[in-house]
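Heads up, the thing below is written out as structure tokens.
Chains as they are written, first to last, in our numbering: chain C, -13 to 528; chain Y, 40 to 291.
See the structure below:
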């Protein structure tokens, strides 16, 4: 017993002394270790972005990438985003390597080997002779040295850079142009070219998206003192202002842009374009025409006009629109559709394709599309023999226009589902609401409003849902769902069983069903209805 | 007499210190600690770094074990040794991470694995647990230096054969960076020596050379001893002959 006690005591003493020694050393080294790690980490970061603010940077751990382990968004002291740093790790046959890749405005800013257990002389050779060739290259086309004498290490570095570039492509891109847009539109997160124009006082139109992929603005490019300046409108046609694409635009351009400040936040319809200062007056007028008259449907700009008979009765509709074709400029095309939604005529009004191609392949085939409807147009293949083979690009633009025209016309059928007596309609944009963007005034033969229809759109956890809400004289006429990607069974049940319960209810006291079996979709519908009612009430108050 | 005894003791201490360098080299003679010898010797400097750390751990643990050897019950001798060694390794690991971060990163998992290095537990069990602290310290220091020299030799060879150069100041906080040698030759660019295969090849070659050297020494010693015995025999025969002649002369 005494022997066992002695053993236990000896082990206890040895353990206690060991623990005490380790504790003391740890107490002494822990702050140094932490400082070392931070210093090493931030030293590399600051080497890449000397103007960065270490305290403002945002770190994100990446877990779903083979090489990239961390993404750092770098800001300066004023909160302006400078770029990205990606930290990547690879295990190769010589050990492991951690590489930092700096990207600024689509350009590879720097590549730093943060730590590695690869052979020092190879690593040093890469640092001295090959890594300096990488900074300054465009992210889109990085050129690597084919022979470095340190293939294993260099391959790891290449893999990490390539993945970083890919990751930037999938995530937010720091494009200098986007940074400029963000000075005006804070939520701007991405943009893409929409259409190129030739007969207007602006050259093209792009689309600005927020981080969720919602369209937040349309930008129209014009030229002032050899600088490209974009005029922006919100989807509800509110004028947002103008921005020079180059950060280093001349002061005269900045002054001209500032002259538009008084129009910011005003609907285009309420702006007298003749009062807009000279550098922008023509472009502004054209932009107002395009935004007010032409609807954006899919990838085209298209406007609708009624076709009247001798007694001024509507016998059809003419749709005229723009779509990029074979060249950088948009083709202008018109499509006539009868009241039943069938194409009666197609005409290529303006094009930039090779004339002989157009006459041989386009104009010779246009008549073939008379009789197409919304149900059949989706089956048309512009490259097929029966379409426009031989002038595919221009042909595709015509098919796009025809499709948009029929979809545009299809809205009438959707509106008529709520208001069967509708003869025509007028759209006005509404502001200040998250789910509804436009109010459709439903008109009778005499042009008088017989009711209102609100177009709403809501994202939910199952996708999105589009809702039309008819409101007339303080009551809900009908609620329809023209499009959605929520679970079809749930939505069908809602449409058949629960939405009819809303018909005829007073907008001052709407009773929603407590239990529908499609809670998520129904909540989206409720949000849209509530905003539609609120908007209609506000209009009544005015 | 006392003076003669002290001199003998000092010679013994030097022999104790130096025996690990060549005669009882842990890697080339006893083949102990082969795992780090393969894993961290792709460059000379990592081998040097590992060697220094092993010296510290081996010497410290040998001293402590020799000091408390009589207090540790026989039943828990080995576990106690391991706890002591692990304590020193943990301390060394933290100090390395604090003051030689590059070396810490380069050694990776092989730094904490010093705990299970056969050399360290072997010297604790075979020497420190039976000798005094001074002798144990010298034994640990000598064996550690022998281990480090072996790692340096292997690392140097591999780095030269793989890259044609030997870098310094990359992993150890020396304050300067550079290359000991730098030979620009395509012959000295054999990637295989960076990998594990190269480690085995180099260790094998050096082992062969050590064994050849050791065998030659053994043969030399055996020949010398043989000559010494022959000489002794010859001297004895001569003495016997002289004695016989002397006896014959007296008789006549």
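Positions of the beta carbon are idealized from the N, C-alpha and C atoms, including for glycine.
What residues are listed by DSSP as bridge partners for residue 210/C?
-> Residue numbering aside, residue 210/C sits at position 224 when the first chain is read from its first letter. Paired residues: 213/C.
Measure from the alpha carbon of residue 170/C to the alpha carbon of each residue in 194/C, 154/C, 188/C, then state which is nearest.
-> To locate residue 170/C, count along the first chain from 1; it is residue 184. Cα-wise, what sits closest to residue 170/C is 194/C.
Span of the alpha helix (DSSP H) around residue 330/C = Looking up residue 330/C in the first chain gives position 344. Taken as a continuous stretch (DSSP letters only), residue 330/C belongs to no alpha helix (DSSP H), being part of the beta strand (DSSP E) at 329 to 336.
Do the region 109 to 118 of chain Y and the region 141 to 155 of chain Y meet, that is, are 3 or more Cβ pairs less than 8 Å apart?
-> no
Less than 8 Å between the CB atoms is what I'm expecting for residue 425/C and residue 521/C, so what's the real figure, rounded?
-> Here residue 425/C refers to the residue found at position 439 of the first chain. Here residue 521/C refers to the residue found at position 535 of the first chain. With a Cβ gap of about 7 Å, residue 425/C and residue 521/C count as contacting.
Enclosing beta strand (DSSP E) for residue 322/C [first to last residue] = Taking the first chain and counting its residues from 1, one reaches residue 322/C at position 336. Looking at the DSSP string, the run of the beta strand (DSSP E) that includes residue 322/C is 316 to 324.
For residue 188/C and residue 52/C, the rounded distance between their alpha carbons = For the purposes of this step, residue 52/C is identified with residue 66 of the first chain, where counting begins at 1. For the purposes of this step, residue 188/C is identified with residue 202 of the first chain, where counting begins at 1. Whole-angstrom Cα-Cα distance: 45 Å.
By the criterion of Cβ-Cβ separation under 7 Å, what are the contact partners of residue 111/Y in chain C?
-> Counting from one through the second chain, the residue named residue 111/Y turns up at place 72. Near residue 111/Y (Cβ distances below 7 Å), the residues of chain C are -4.
Please decide whether residue 133/Y counts as near chain C, where near means a Cβ-Cβ distance under 8 Å.
-> As a working note, residue 133/Y is residue 94 in the second chain. Yes, its Cβ sits closer than 8 Å to a Cβ of chain C.
Rounded C-beta distance between residue 511/C and residue 453/C? I'm assuming under 8 Å.
-> Start at 1 with the first residue of the first chain, and residue 511/C comes out as number 525. Start at 1 with the first residue of the first chain, and residue 453/C comes out as number 467. The Cβ separation is near 5 Å, so the contact holds.
Buried versus exposed call for residue 203/Y [16 or more other C-beta atoms within 10 Å across all chains shown] = Against the second chain, residue 203/Y aligns to sequence position 164. Buried, because 16 or more other Cβ atoms sit within 10 Å of the Cβ of residue 203/Y.
Chain Y contact residues for residue 1/C, given Cβ-Cβ distances below 8 Å | The residue given as residue 1/C occupies position 15 in the first chain. Under the 8 Å cutoff, chain Y gives 122.
Is residue 486/C helix, strand or coil by DSSP?
-> Translated into positions along the first chain, residue 486/C becomes position 500. Of the three classes helix, strand and coil, the one that applies to residue 486/C here is helix, per DSSP.
Backbone CA spacing between residue 488/C and residue 456/C [nearest angstrom] | Walking along the first chain from the start, residue 488/C turns up at place 502. Walking along the first chain from the start, residue 456/C turns up at place 470. The straight-line gap from Cα to Cα measures roughly 11 Å.
Segment contact, 8 Å Cβ cut-off, at least three pairs: the region 20 to 35 of chain C with the region 89 to 109 of chain C = yes
Simplified DSSP assignment, three categories, for residue 416/C = Taking the first chain and counting its residues from 1, one reaches residue 416/C at position 430. Residue 416/C falls in the coil class under three-state DSSP.
As assigned by DSSP and simplified to three states, the class of residue 447/C | Counting from one through the first chain, the residue named residue 447/C turns up at place 461. Note: residue 447/C maps to coil in three-state DSSP.
Chain Y partners of residue 36/C, CB-CB under 9 Å?
-> Locating residue 36/C in the first chain gives position 50, counting from the first residue. Residues of chain Y passing the Cβ test: none, with the nearest at roughly 23 Å.
Under the three-state reduction of DSSP, which class applies to residue 263/C: helix, strand or coil?
-> Taking the first residue of the first chain as 1, we reach residue 263/C at position 277. If DSSP states are grouped into helix, strand and coil, residue 263/C belongs with coil.
Find the nearest neighbour of residue 206/C within the set 270/C, 162/C, 304/C, 164/C, judged by alpha-carbon distance.
-> Position 220 of the first chain holds residue 206/C. Of the candidates 270/C, 162/C, 304/C, 164/C, the one whose C-alpha sits nearest the C-alpha of residue 206/C is 270/C.
With 16 other CB atoms within 10 Å as the buried threshold, where does residue 339/C fall?
-> Reading the first chain from its first residue, position 353 is the one you call residue 339/C. Burial call: buried.
So, helix, strand or coil for residue 282/Y, using DSSP?
-> Taking the second chain and counting its residues from 1, the one referred to as residue 282/Y is at position 243. The answer is helix: DSSP assigns residue 282/Y an H, G or I state.
Exposed unless 16 or more other CB atoms sit within 10 angstroms - verdict on residue 14/C = The residue given as residue 14/C occupies position 28 in the first chain. Per the 10 Å Cβ criterion, exposed.
Among the residues of its own chain, which have a CB less than 8 Å from the CB of residue 181/Y, if the five just before and after it don't count?
-> As a position in the second chain, residue 181/Y is number 142, starting the count at 1. Only 55, 56, 57, 58, 59, 60 meet the Cβ criterion.
Closer than 7 Å, Cβ to any Cβ of chain Y: which residues of the region 425 to 451 of chain C, in chain order?
-> none
If the cut is a Cβ gap below 8 Å, which residues of chain Y does residue -7/C touch?
-> The count along the first chain starts at 1 and reaches residue -7/C at position 7. Within chain Y, the residues near residue -7/C are 112, 114, 115.
In the DSSP assignment, find the unbroken beta strand (DSSP E) run with residue 283/C in it and report its ends.
-> Here residue 283/C refers to the residue found at position 297 when the first chain is read from its first residue. Taken as a continuous stretch (DSSP letters only), the beta strand (DSSP E) holding residue 283/C covers 281 to 283.
Short check: CB of residue 246/Y to CB of residue 67/Y, under 8 Å?
-> As a position in the second chain, residue 246/Y is number 207, starting the count at 1. As a position in the second chain, residue 67/Y is number 28, starting the count at 1. For residue 246/Y and residue 67/Y, yes; Cβs fall inside 8 Å.
Of the choices 118/C, 124/C, 474/C, whose alpha-carbon is the least far from that of residue 503/C?
-> Translated into positions along the first chain, residue 503/C becomes position 517. The shortest C-alpha separation from residue 503/C is found at 474/C.
Using the C-alpha atoms, what's the distance from residue 333/C back to residue 289/C?
-> Counted from its first residue, the first chain places residue 289/C at position 303. Counted from its first residue, the first chain places residue 333/C at position 347. About 15 Å.
Grouping DSSP H, G and I as helix and E and B as strand, with all else coil, what is residue 207/Y?
-> Locating residue 207/Y in the second chain gives position 168, where the first residue counts as 1. In this structure, residue 207/Y counts as strand in the three-state DSSP scheme.
From residue 77/C to residue 136/C, what does the alpha carbon distance come to, in whole angstroms?
-> Residue mapping note: residue 77/C aligns to position 91 of the first chain, counting from 1. Residue mapping note: residue 136/C aligns to position 150 of the first chain, counting from 1. About 15 Å.
Whole alpha helix (DSSP H) runs in the region 105 to 192 of chain C with 4 or more residues, listed along the chain?
-> 106 to 111, 137 to 156, 162 to 170
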